[in-house]
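Right, one structure below, let's go through it.
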Amino acid sequence: MAHLGSGKLCVDIQADGDLLMTSSALWTAAKHRIPLLIVMHNNQSFYNSEEHGIEVAKFRNRPVENAGIGTHVDDPAVSFAKVAEGFGVHSEGPVRSTADLRPALQRALKVVKEKKLPALVDVIAEPR
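When the count follows my numbering, it moves up by one through the sequence shown with no breaks and lands on 231 for the last residue.
Written out as structure tokens, the structure reads:
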């Protein structure tokens with residue numbers, strides 16, 4: 104909100120796990136017509152939790168292979184583009200290839216700059 108009316112572009116590099124817990128922020132952005140470009144870093148995982156689980160497993164001499172249990176969000180995969188659309192936010196994706204990334208970003212950017220509305224680009228990233 105600090106840049107509202109300044110002409111500056113606000114970009115949110117958004118983690119998928121975080122958005123799952125605060126998805127109502129999309130509605131807020133749509134309701135208040137906040138010109139925001141949201142680029143989803145969608146690695147289909149609560150990877151911070153998995154990373155922590157790996158360290159705990161090592162400390163407790165347990166198999167690290169079990170650290171990812173309950174942290175993967177891939178079966179079924181969440182379509183953040185559809186989630187955003189449901190909240191009234193323009194959406195692109197899921198983008199799975201680098202060739203599709205630039206056009207998706209350009210379309211979303213056009214919505215943000217010309218219509219002064221929020222837009223989300225769901226970019227599928229490699230799981231770590």
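We put the CB at the ideal spot given by N, CA and C, even for glycine. Treat the numbers as computed from the prediction; the structure is a model and nothing was measured.
Three or more Cβ pairs closer than 8 angstroms define a contact, and the segment 217-225 meets that threshold against the segment 192-200. The beta carbon of SER152 is closer than 6 angstroms to those of THR174 in its chain, skipping five residues each way along the sequence.
Counting every other CB atom within 10 Å of its CB across the protein chains shown gives ILE141 a total of 16 or more, marking it as buried. Burial is judged here by how many other beta carbons sit within 10 angstroms of a residue's own beta carbon; SER148 has at least 16 and is buried. Taken atom to atom, the span from the alpha-carbon of CYS113 to that of LEU220 is near 11 angstroms. Secondary-structure assignment with DSSP links VAL114 through a beta bridge to LEU140. Straight across, the Cα-Cα distance linking ARG205 with ARG136 is about 24 angstroms. In this structure, DSSP gives ILE157 a helical state, which the three-state scheme calls helix.
ASP225 carries a strand assignment under DSSP once its states are collapsed to helix, strand and coil. If the five residues before and after ILE116 are omitted, its C-beta is found closer than 7 angstroms to the C-beta atoms of VAL142 and HIS144, all from its own chain and listed in chain order. Taking every protein chain shown into account, the CB of VAL214 has 16 or more other CB atoms within 10 angstroms, so this residue is buried. The beta carbon of GLU229 sits closer than 8 angstroms to the beta carbons of ASN146 from its chain, once the five residues preceding and following it are set aside; these are given in chain order.
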